[in-house]
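Order-wise, the sequence lines are chains A and B. Using this note's numbering, the letters of the first sequence correspond one by one to residues 978 to 1325. Using this note's numbering, the letters of the second sequence correspond one by one to residues 40 to 357. Below is one structure; the comments refer to it alone.
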Amino acid sequence: MSDHPTIKIIARFWPHALLAIVLVLPLFGDAIATKLTPIMVFAIVGLGLNVVAGFTGLLNLGAAAFMAIGAYTFAICTVPIYPFQIGFWPGLGVAIMVGAVAGTILALPAMRLRGDYLAIVTLGFGEIITDVLKNLDAITKGTQGLNPVAAPEIPFVTYSISAYKPTYYLYLALLLVAILLCHNMRKSRLGRQWIAVRDDELAARSMGISPARTKLIAFAIGSGLCAFGGAMFASLNGTSIEPSFYDFQQSVVILCIVIVGGMGNVKGVILGALIMVGFNSIILVNLTEWMTRNGWTGNNVLATPSNWKFMIFGLALILMMRLRPQGLIPAQDVEPVTQKPATAGATP
Amino acid sequence: MTTTELIIQLLITGLANGLIIALIALGYTMVYGIIELINFAHGDVMMLGCFLALTIVGLCGGEQLSPWIALPLLFLTVPFFTAGLNWSVEKLAYKPIREAPKLTALVSAIGVSFVFINIGMFWGGLPMDVFGGGGSAASAKSFPDLFGWSNLLGEQSAVLLTPRDVMVAAVTIPLMIGLTFFINRTRMGTAMRAVAQNPTAAKLMGIDVDRVIGLTFIIGGALAGVASVITALYTGSIHFQMGYRNGMDAFTAAVLGGIGNLPGAVLGALLIGLVRAVMEGYVPNGGQWSNTVVFALLILVLVFRPNGILGSRVREKV
Chain A
978 MSDHPTIKII ARFWPHALLA IVLVLPLFGD AIATKLTPIM VFAIVGLGLN VVAGFTGLLN
1038 LGAAAFMAIG AYTFAICTVP IYPFQIGFWP GLGVAIMVGA VAGTILALPA MRLRGDYLAI
1098 VTLGFGEIIT DVLKNLDAIT KGTQGLNPVA APEIPFVTYS ISAYKPTYYL YLALLLVAIL
1158 LCHNMRKSRL GRQWIAVRDD ELAARSMGIS PARTKLIAFA IGSGLCAFGG AMFASLNGTS
1218 IEPSFYDFQQ SVVILCIVIV GGMGNVKGVI LGALIMVGFN SIILVNLTEW MTRNGWTGNN
1278 VLATPSNWKF MIFGLALILM MRLRPQGLIP AQDVEPVTQK PATAGATP
Chain B
40 MTTTELIIQL LITGLANGLI IALIALGYTM VYGIIELINF AHGDVMMLGC FLALTIVGLC
100 GGEQLSPWIA LPLLFLTVPF FTAGLNWSVE KLAYKPIREA PKLTALVSAI GVSFVFINIG
160 MFWGGLPMDV FGGGGSAASA KSFPDLFGWS NLLGEQSAVL LTPRDVMVAA VTIPLMIGLT
220 FFINRTRMGT AMRAVAQNPT AAKLMGIDVD RVIGLTFIIG GALAGVASVI TALYTGSIHF
280 QMGYRNGMDA FTAAVLGGIG NLPGAVLGAL LIGLVRAVME GYVPNGGQWS NTVVFALLIL
340 VLVFRPNGIL GSRVREKV
């Protein structure tokens, strides 16, 4: 970071400014609010992946699969064709629990693996989940998806279904809760254990930390958060969407959110979600619509901005890894503890 | 069809598919053996090779082209293209971050894969009559059928052996024998094995490690190029997302055989080919589950036997 005072002020206060902006934006119209709500959902999913990949250093290439687990659990709990119909809030709770259990089940055998092998196992797990959801069409309605799922609701408040602002503020509140949760977890004993295991597993073990237990908890919490986001997304769209929406490419988009902002940094994930999802679902879509309206796209595949999505996400990954692997906002604790010899063993 | 005939049929299909997977798997396993990187973009290099093959065949007359002209033409162009592509990927995306943690390079490889997928989509959208399969860039393109579906065992036979099955075996088997000879008997092959064992020691012995790594990517890319020509001719259909699917099959094969182990990769690929053939040709409704089976196999091998069937790779860098 540069030491220029303006940059310092921006770096210090952009989260406050952002919060102020998102609080007042819906007053200017529902159109902006409808675009921003998915970004909040993906920010929550990004926070979930950040617990696993950022805090604990385990590359998870199946984040979208946990979103799918959340979305389909929520759908099965709330759609009219099943007898449960437990409503929005209990549905969210069940989705989080099922996501956390699924994460633990995946992590149990995978704990023995090294970094890149673990990444591939999570990738395979993600593929299996989407395939199973697609093929068990007796339960999941295959590619049609389950609908209509329960819409978001605020307890003790009744409002018309068509009003969008309550949903917007509800989702913003849920995102703030998730941010607070991640921030506090990072500062807690558990969070410091995650960082310790990530930076030096051997040293952490000799300090009395159990790496396996620490990683398992990270997977359970991270997967629970991803499932939470998936359930919120299903509720927002009124459908579980379809299995192939949650494929490997979606997982990489979520990974981009975490990497671009800065692995292991809660603020970074929010910025990453704003940049990547905002780019994908607002800028590219609107640019494409605008160009089509003006007749500039024709039938030319290159002239359609939304076709450049993979190129842009891919280049973002390559360039970030090469130029700034710690992300736009580096976490404050990226240096391995071993580089500070005098204080290395002083604090657990 | 009797049981024996069914078994023979599944063997033919499975082995032909397996040999194609093996060519891609060799590229994965060689790269992993040398720099411990899962070259995620490898499958997509092969996909771009398919698009080049389709473009060349289309420009030269499509269906009317004789296989005797098409094959030499394709095998002389496509592997050079994919080898060059793979080499540039290494120079641009992997070499600058070789000293960084392993996961950094893996993420970079995923990025390259995404860029290639996008290029494949654009390629499929070029306004050329070559591309059958509709005007949409994202739709599957049909590859001209140069071999026909005549049965080499006679029209009465229940078992189908087509010229394309023979072509697969005739191209891949000599190539694998040649590769084995190159790795085991030549100076450059010895250098490659040395770098795979210990890059620092190899450098001290005067081996140009960067050159060896570059060569590994060139060979892997060329093999992927051959695989792309064969796949396009064999399946008759190409798609910009095909690289991921083929790449995962090949990667599973490499892991199954013990990653870094060349004969292991071929053995693993033949097994994957047979598993797919049995799932698609014998198990009822098996086709839709064959991906699940392959990925489950990948997870089981990684978790319970990470060194693979042949398990030669005992080295673990701390």
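Beta carbons are placed, not taken as given, at the ideal position from N, Cα and C, and that holds for glycine.
- Membership of residue 130(B) in any alpha helix (DSSP H) is not indicated, and neither H nor E is assigned to it by DSSP.
- Between residue 1225(A) and residue 1113(A), the beta carbon gap of about 20 angstroms keeps them out of contact (Cβ cut-off 8 angstroms).
- For residue 322(B), none of the residues of chain A pass the 8 angstroms Cβ criterion, the least Cβ distance being about 13 angstroms.
- Collapsing the DSSP output to three states places residue 1221(A) in a helix.
- Identification of chain B residues near residue 1178(A) by a Cβ-Cβ cut-off of 8 angstroms yields none; the smallest Cβ-Cβ distance measures about 10 angstroms.
- No residue range can be given for residue 138(B), since it is assigned to no alpha helix (DSSP H) and is classified by DSSP as neither H nor E.
- In terms of CA proximity to residue 1204(A), 1020(A) leads the group 1289(A), 1020(A), 1010(A).
- Bridge pairing for residue 181(B): 276(B) [DSSP].
- Taking 7 angstroms as the upper bound on Cβ-Cβ separation, chain A lies near residues 327, 328, 330, 331, 334, 335 of the stretch 302-335 of chain B.
- The alpha-carbon of residue 221(B) is positioned some 60 angstroms away from that of residue 1054(A).
- DSSP assignment within the stretch 1076-1154 of chain A yields the following whole alpha helix (DSSP H) runs of 4 residues or more, N-terminal first: 1092-1112, 1114-1117.
- Going by C-alpha positions, residue 142(B) is about 12 angstroms away from residue 79(B).
- The closest CA to that of residue 117(B), considering only 134(B), 90(B), 162(B), 305(B), is found on 90(B).
- When 7 angstroms is used as the limit between beta carbons, residue 1302(A) is near these residues of chain B: 139, 143, in chain order.
- For the pair residue 1199(A) and residue 1073(A), the CB atoms are not nearer than the 8 angstroms cut-off.
- Contact of residue 1092(A) with chain B is assigned, a C-beta pair being separated by under 8 angstroms.
- Contacts with chain B at 8 angstroms (Cβ-Cβ) do not include residue 1220(A).
- The C-beta distance from residue 304(B) to residue 61(B) rounds to 6 angstroms, short enough to fall under 8 angstroms.
- Among the residues facing chain B, residue 1260(A) is not included, as its CB has no counterpart in that chain under 8 angstroms away.
- Per DSSP, the unbroken alpha helix (DSSP H) holding residue 295(B) starts and ends at 281-296.
- In chain B, no part has a C-beta under 9 angstroms from the C-beta of residue 1241(A); the shortest such distance is about 13 angstroms.
- DSSP places residue 1192(A) inside the alpha helix (DSSP H), whose first and last residues are 1188-1214.
- Between residue 1090(A) and residue 345(B), the C-beta gap is smaller than 8 angstroms, which places the two residues in contact.
- Here DSSP, grouped into helix, strand and coil, assigns residue 1052(A) to helix.
- Residue 241(B) and residue 254(B) have their C-alpha atoms some 15 angstroms from each other.
- What residue 1284(A) touches in chain B, judged by beta-carbon distance under 9 angstroms, is 157, 160, 161, 164, 176, 177, going in chain order.
- Residue environment: residue 315(B) is assigned as buried (16 or more neighbouring CB atoms within 10 Å of its CB, all protein chains considered).
- In this structure, the alpha-carbon of residue 153(B) lies about 10 angstroms from that of residue 1230(A).
- Residue environment: residue 1108(A) is assigned as buried (16 or more neighbouring CB atoms within 10 Å of its CB, all protein chains considered).
- DSSP places residue 249(B) within a helical segment (H, G or I) once states are collapsed to three.
- With a threshold of 16 other beta carbon atoms within 10 Å, residue 44(B) falls short and is exposed.
- Distance between residue 1161(A) and residue 1188(A), taken at the CA atoms: about 20 angstroms.
- Runs of the alpha helix (DSSP H) lying entirely within the stretch 183-232 of chain B, each at least 4 residues long, are 202-224 in chain order.
- Residue 1303(A) sits in coil when the DSSP states are folded into three classes, being neither helix nor strand.
- At a cut-off of 8 angstroms, the C-beta of residue 106(B) has no neighbouring C-beta in chain A.
- In the displayed model, residue 1177(A) falls within coil according to three-state DSSP, outside both helix and strand.
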